[in-house]
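Before any comments, here is the structure.
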Amino acid sequence: MKRTTFFLAFFVASITLFAQQKLPYQNPKLPVEDRVKDLLSRMTLHEKIMQTQHIHGTNPSHSLLKLDTLYKGISYGCVEGLTHTAENYAQSLITLQKYMLTKTRLGIPVMTCAEGLHGVVQDGCTIYPQALAMSSTFNPDLINKMTKAAALEAKAIGIYQVLSPVLDIARDTRWGRVEETYGEDPLLIGMMASAFINGFQSQNVVCTPKHFVAHGSPTGGINLASVSGGERDFRSMYLLPFEIAIKNTNPLSIMNSYNSYDGQPIASSHYYLTEVLRNQLGFKGYVYSDWDAVDMLRSYHKTAADKGEAAKQAIEAGIDVEASSDDYLDLEKMVGEGKIDIKTIDQAVSRILYVKFKSGLFEYEFPNMKKLKTAIHTKESVAIAREIASESIVLLKNDNILPLSTEKYKSIAVLGPNAGNVQFGDYSWTRSNQFGVTPLQGIQNLVGKTVKVNYAAGCDVWSQKKDGIAEAVEAAKNSDVAVIFVGTQSASLGRDYKDATSGEGYDLSNLDLPGVQEDLIKAVKATGKPIIVVLVSGKPLSIPWVKDNANAILAQWYGGEQQGNAVADVLFGKVNPSGKLSISVPQSVGHLPCYYNYLPSDKGIYRERGTLDKPGRDYVFSSPDALWNFGYGLSYTNFEYKEATLSSESLTDKDTLNISVQVKNAGKMDGKEVVQIYVRDVVSSVVTPIHQLEAFKKVLIKAGETATVNLQLPISDLFLYNKDMKRVVEPGEFEIQIGSSSDNIKIKKMIMVK
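Going by mature numbering (1 follows the signal peptide of the UniProt record, and there is no 0), the letters in the sequence shown line up with residues -19 to -1, 1 to 735, in that order.
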């Protein structure tokens, strides 16, 4: 009996020991590639297919038993909880991830995702300024600081992947998603995106640069519309931001775009998603489809007859994770029928597992619900939001009225539909003023009782109703100065879409101020009181009358939750404006496309600019020029560019040109200046832009002081694609242009490339 008991005890102990032993893929000390290979070998075809699937956030009250009825012991690829509060999403992720790790056969965790364009989109998280505002700072270090803070909020909730940033080049400002972009320049976009990604990745949060590729110039400015262009445009423009970001950050995920380019839907293009993205750019992570992009091959592009065909096209092209639609569920049957190779499935799943291992998801850190409230929306993150909002404001015009003096102006009219509203921008979790500071509140906070504030909205953002204008006029008459906040408004993600005039799916057929906002400005101007116009907008708007008649103009874009305090600081001189335009402002919709790096003949050759009073050529009744060009932005001080020195005037494509610029702050106020380096290829074998931004640096210069600003320019960046579509730096002269904007070049130098 003792002998039998001994052997039974030994057997039970052996079973327990075996159960405690980790399988190779569960060992974090093994190379990621070995873990992927081991886990893949243990998976059934059905388990593999489910790794390509995206699910929506579960109810935080769901039990493990309830989850078992939903998922039946199968692990999924990714989860996203769009409309959850931070607390609810964290709780749902705790339960869901416990289920995936302990109640599925192989314990594969689900990748926990969230939108993160300008802060984590879960209720309660910090709302930073919108992307277009971020790029107007020309300060990548500040954006990196922001995403490090946002990453801490993400990890506190249990989020391991954010579906951002946007690397689209905005060349048609009718498009509603312009606000989500970093503007019109490939280098600026690439550098801002690199800073954004590195900040999140410093906390092991996966970023998903999007939308690959050629997504920002849709036909007619209509969202999801086709994009036209050749291989040269594709490589020298649309691809370049992704090339920069991938080189600088090695992101683990990329999101494909909805559009077609030259007739090829990106979602079904092996050339774009595999040959270019993986083989040429070296991307090693997984491609995460934009929502419903796979099924759109059937329903929208009409290149697939049914779901199975759409799935086959997409997965063979290189899309690994299918979001929203479920066409990939047909792949299991198609493998059995010999219509698709199992190796294609294995390749996609290997990439998904690679990212899950690489990001530490298998060693998942569960949210601490007791500490969650103190981990999000911290004083530090709010301070960063305010700093970005302040640095992003662009001073477009100033007839010596700004900054406002509380000694001179004892009463101020705060007017306009955006004066009493916080415009957070698209991909925000709220539109409610209670979660931010309105411009009216910001001004009231700053002036206190020293200045009387008279408020009237005057009109709303979009309608033709004028019955409120009289009240605004009366407020202006009873004030020393009027500040008018006009612009657009955007939806909040998955919630309130009422009356949006900007954002995803909200494109404009003209670029005038919507509704009767310009009528409001004209009526207030007629009072004879000085007027300051603040554009709170998701895109550049065509305001030639305002430019001619306002005493000062600020472009604030969407300044996040601290926009009211930030704009008050700038209006009253607590902060010296330092923002620069990351996107050109067209005179009208008829002047589109409008960007600074156009080809030499694109603005006409006759040089006989027309006016309304005197017809001309290149256009008959106007010039083809922008109202304000890329890189433009005034300051309350004056910067003088003294001299520039180059490390060499003769270089090869292997060299780096070092540029040293002396800039003096000749005014009485400390300020920040963005030194911008543009380059013109003097003679080239194919047509090249009149000039192209190649370097920039933002520096703080104290009043009366001179700063030495050092910049580096790799000569290899001066490439073009020649007649044979070879990427080369052609020998010859290049003009180095140093200035404060694309149309305000202060110093020119010549170099020779051998």
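Beta carbons are placed, not taken as given, at the ideal position from N, Cα and C, and that holds for glycine.
For L4, is the classification buried or exposed, using 16 other Cβ atoms within 10 angstroms of its Cβ as the cut-off for buried?
Exposed, because fewer than 16 other Cβ atoms sit within 10 Å of the Cβ of L4.
Among the residues of its own chain, which have a CB less than 8 Å from the CB of L522, if the five just before and after it don't count?
Excluding sequence neighbours, L522 sits near G468, T469, L492, D493, L494, L516, V566.
Measure from the alpha carbon of K433 to the alpha carbon of each residue in A451, V418, D461, Q415, then state which is nearest.
Considering only alpha carbons, the answer is D461.
May I ask you to report which of helix, strand or coil DSSP gives Y219?
Helix at Y219.
Whole angstroms are fine: how far does the CA of C188 sit from the CA of L51?
So the alpha carbons of these two residues sit roughly 28 Å apart.
Look at the Cβ atom of I75, then the Cβ atom of F347, and state whether they are nearer than 7 Å.
For I75 and F347, yes; Cβs fall inside 7 Å.
Could you please give me the residues that DSSP links to T592 through a beta bridge?
Partner(s): none; T592 has no beta bridge.
Give me the Cα-Cα distance between Y252 and M92, rounded to the nearest whole angstrom.
Spanning the two alpha carbons is a distance of roughly 27 Å.
Closer than 6 Å by C-beta to S392: which residues in its own chain qualify, once you throw out the five before and the five after it? Chain order, please.
Around S392: K433, S460, D461.
Based on Cα-Cα distance, which residue from P695, Q415, Q78, V514 lies nearest to L627?
Ranking the options by Cα distance to L627, first place goes to P695.
Here's a check: name, in chain order, each residue in its chain whose Cβ is nearer than 6 Å to the Cβ of L(-3), leaving out the five neighbours to either side.
Any reading at L(-3) is ruled out, since the residue's pLDDT is 38, under 50, leaving its predicted position unreliable.
Under three-state DSSP, which class holds S371?
If DSSP states are grouped into helix, strand and coil, S371 belongs with the helices.
Just to check my reading of the structure: I108 and G100 have Cβ atoms closer than 8 Å, yes? What is that Cβ distance to the nearest angstrom?
Between G100 and I108 the Cβ distance is about 5 Å, and since that is below 8 Å, they are a contact.
Taking a contact to mean a Cβ-Cβ separation below 7 Å, would you say G244 touches N204 in this structure?
It is not a contact, given that the beta carbons lie outside the stated cut-off.
Can you tell me which residues form a DSSP beta bridge with Y659?
Answer is L674, Q718, bridged to Y659.
Where D606 and K729 are concerned, what is the direct C-alpha to C-alpha distance, given to the nearest angstrom?
Computed Cα separation, rounded: 22 Å.
Output the distance between the C-alpha atoms of I323 and D273, rounded to the nearest integer angstrom.
If I take the Cα positions, the gap works out to 23 Å.
Out of Q693, V644, S616, which has the shortest C-alpha to C-alpha gap to S629?
The residue with the shortest Cα to Cα distance from S629 is Q693.
Go through its chain and collect everything with a Cβ distance to S340's Cβ below 7 Å, but skip five positions before and after it.
Y141, N185, V187, L233, listed in sequence order.
May I ask you to list the residues that DSSP assigns as paired with A437?
A437 is bridged to L396.
For the beta strand (DSSP E) containing I178, list its first residue and its last residue.
Counting along the chain, I178 falls outside any beta strand (DSSP E), though it belongs to the alpha helix (DSSP H) covering 167 to 182.
Under 7 Å Cβ to Cβ from D698, same chain only, skipping five residues before and after it: list those, please.
Cβ neighbours of D698 beyond the five flanking positions: E675.
Following the continuous beta strand (DSSP E) through I621, name the residue where it begins and the one where it ends.
Note on identity: in this sequence residue 621 is Glu, with Ile being the wrong assignment. Element bounds for E621: 620 to 627.
Under a three-way DSSP split, which group does P581 fall into?
Looking at P581 - three-state DSSP - the assignment turns out to be coil, as it is neither helix nor strand.
In the DSSP output, which residue or residues are listed as bridge partners for H37?
H37 pairs with E61.
Identify whether T200 lies in helix, strand or coil by the three-state DSSP scheme.
Reduced to three states, the DSSP call for T200 is helix.
By how many angstroms is the C-alpha of I227 removed from the C-alpha of S116?
Their backbone Cα atoms lie some 19 Å apart in a straight line.
Checking the sheet assignment: what are the DSSP bridge partners for Y242?
Beta-bridge pairing links Y242 to V208, Q245.
Can you tell me whether F(-2) is helix, strand or coil according to DSSP?
With a pLDDT of 37 at F(-2), under the threshold of 50, the modelled position of that residue is not reliable, and the figure given next carries that caveat. Residue state, collapsed to three classes: helix.
Please specify which runs of the alpha helix (DSSP H), each continuous and at least 4 residues long, are wholly inside the stretch 532 to 561, giving them in chain order.
Within the stretch 532 to 561, the complete alpha helix (DSSP H) runs of at least 4 residues are 544 to 552.
Taking DSSP's pairing of strands, which residues face P695 in a bridge?
According to DSSP, P695 bridges with T637.
So, does the stretch 541 to 555 touch the stretch 568 to 584, judging by three or more C-beta pairs under 8 Å?
Short answer: they don't touch.
Measuring alpha carbon to alpha carbon, tell me which residue in V570, E485, G58 is nearest S305.
Looking at the Cα atoms, G58 is the closest of the given residues.
Could you name the residues of the same chain whose beta carbon sits closer than 6 Å to that of G180, not counting the 5 residues immediately before and after it, in chain order?
N125, T128, K129, listed in sequence order.
What are the partner residues of V187, as DSSP defines its beta bridges?
BP columns for V187 point to Q142.
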